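One structure is given below, encoded as structure tokens.
There are 2 protein chains.
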Amino acid sequence: MFKELNPLLHSELRLAVVSLLMTVESADFVYIKERTNATAGNLSVQLDKLQKAGYITVVKGFKGKKPHTTCSITPEGISAFEEYVMALKSYLGDRI
Amino acid sequence: MFKELNPLLHSELRLAVVSLLMTVESADFVYIKERTNATAGNLSVQLDKLQKAGYITVVKGFKGKKPHTTCSITPEGISAFEEYVMALKSYLGDRI
DNA sequence: TAAAGTAGTTTATTTTATAAACCTAATGTT
DNA sequence: AACATTAGGTTTATAAAATAAACTACTTTA
Numbered sequence: 001m002f003k004e005l006n007p008l009l010h011s012e013l014r015l016a017v018v019s020l021l022m023t024v025e026s027a028d029f030v031y032i033k034e035r036t037n038a039t040a041g042n043l044s045v046q047l048d049k050l051q052k053a054g055y056i057t058v059v060k061g062f063k064g065k066k067p068h069t070t071c072s073i074t075p076e077g078i079s080a081f082e083e084y085v086m087a088l089k090s091y092l093g094d095r096i
Numbered sequence: 001m002f003k004e005l006n007p008l009l010h011s012e013l014r015l016a017v018v019s020l021l022m023t024v025e026s027a028d029f030v031y032i033k034e035r036t037n038a039t040a041g042n043l044s045v046q047l048d049k050l051q052k053a054g055y056i057t058v059v060k061g062f063k064g065k066k067p068h069t070t071c072s073i074t075p076e077g078i079s080a081f082e083e084y085v086m087a088l089k090s091y092l093g094d095r096i
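Sequence lines, in order, name chains A and B. Each residue of the first sequence is one higher than the one before, counting from 1 in the working numbering. Each residue of the second sequence is one higher than the one before, counting from 1 in the working numbering.
So, in structure tokens, the structure goes:
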């Protein structure tokens with residue numbers, strides 16, 4: 001009846017991050033933070049989890065002299081997201 | 001960009017319960033438990049939260065000599081669910 | 001050169017979700 | 001009759017999550 005919802009994606013902020021990264025080639029920490037309205041601390045933690053799951057890549061470097069973190073979604077992230085959407089549909093019936 | 005997801009509904013089991021109750025006039029504890037694959041303890045707790053939020057009504061009585069709990073969704077539950085679905089759409093783009 | 005800002009990370013606290021243990025009554029079982 | 005088992009839950013304890021607050025390290029500005 002109801003499909004299981006991948007707990008890594010069933011989190012408001014992580015879902016927002018992945019959803020955002022689905023629409024762009026890459027995005028940096030500050031941009032993601034602004035778009036998702038997240039606090040830096042929360043975002044830092046959640047990006048880490050997504051990276052450890054292999055759903056995103058996180059590249060830390062410098063832009064000029066400031067630290068700069070760039071994220072992008074991986075193929076595994078894309079398919080996890082797509083599966084999550086399918087699973088959600090089992091909860092939402094035809095109103096979606 | 002991303003709408004807030006009602007935390008009361010953004011829980012796998014509570015979402016399943018509400019989603020199920022959207023499709024029936026009422027359902028009893030055991031039926032909900034079976035349909036959602038929940039443990040009794042977890043279901044008991046989550047039904048309580050939904051009731052306290054005013055999203056469902058929970059009527060406890062007896063069927064023959066055994067306890068019997070019947071649940072149904074309230075108008076507030078229906079609109080909360082519908083708003084939740086709208087909010088979700090902001091995360092899912094056009095794949096939904 | 002001191003204060004303030006940027007870009008994060010780490011740690012601590014609060015919430016949640018969940019399972020395990022428990023309760024009460026009814027129904028077999030010997 | 002006494003005891004175990006099942007049904008239908010509830011309560012409590014634990015593990016996992018989310019989040020905010022505090023902190024780090026460096027840079028820019030006054």
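Glycine is no exception: its CB is placed at the ideal position from the N, C-alpha and C atoms. The structure presented is a predicted model; accordingly, all values stated were derived computationally and were not measured.
*How about the stretch 12-25 of chain A and the stretch 35-50 of chain A: do they share at least three Cβ pairs that are nearer than 8 Å?*
They touch, by the three-pair rule.
*For F29 (chain A), return the contacting residues in chain B, with the cut-off set at a CB-CB distance below 9 Å.*
Ordered by position in chain B, no residue passes the 9 Å Cβ test against F29 (chain A), which lies about 16 Å from the chain.
*For the stretch 67-89 of chain A, which residues have a CB atom closer than 8 Å to at least one CB atom of chain B, in sequence order?*
Per Cβ criterion, the list reads E82, V85, L88 and K89.
*Around the C-beta of A38 (chain B), are 16 or more other C-beta atoms found within 10 angstroms, so that it is buried, or is it exposed?*
A buried status is given to A38 (chain B), since no fewer than 16 other beta-carbon atoms sit within 10 Å of its beta-carbon.
*Close-in-space but distant-in-sequence residues of the same chain around N42 (chain A) (CB under 8 Å, 5 per side omitted)*: Excluding its 5 nearest sequence neighbours in each direction, N42 (chain A) has C-beta neighbours in its own chain below 8 Å: L13, listed in chain order.
*Beta-carbon neighbours of Y36 (chain A), restricted to chain B and to distances below 8 Å*: Note that residue 36 (chain A) corresponds to Thr in the displayed sequence, not to Tyr. Below the 8 Å Cβ cutoff, chain B contributes M1 and F2 as neighbours of T36 (chain A), in chain order.
_Continuous alpha helix (DSSP H) stretch holding K52 (chain A): start and end_ = Segment A40 to K52, the alpha helix (DSSP H) holding K52 (chain A).
*Which residues bound the alpha helix (DSSP H) around A75 (chain A)?*
Correcting the residue type first, residue 75 (chain A) is Pro in the shown sequence and not Ala. Start and end: P75 to L92.
*Beta-carbon spacing of L21 (chain A), S90 (chain A) below 8 Å*: Cβ distance not < 8 Å, so L21 (chain A) and S90 (chain A) don't count as in contact.
*Note down, in chain order, every chain B residue with its Cβ under 9 Å from the Cβ of E12 (chain A).*
Those within 9 Å of E12 (chain A) in chain B are F2, E4, L5, P7, H10 and Y91.
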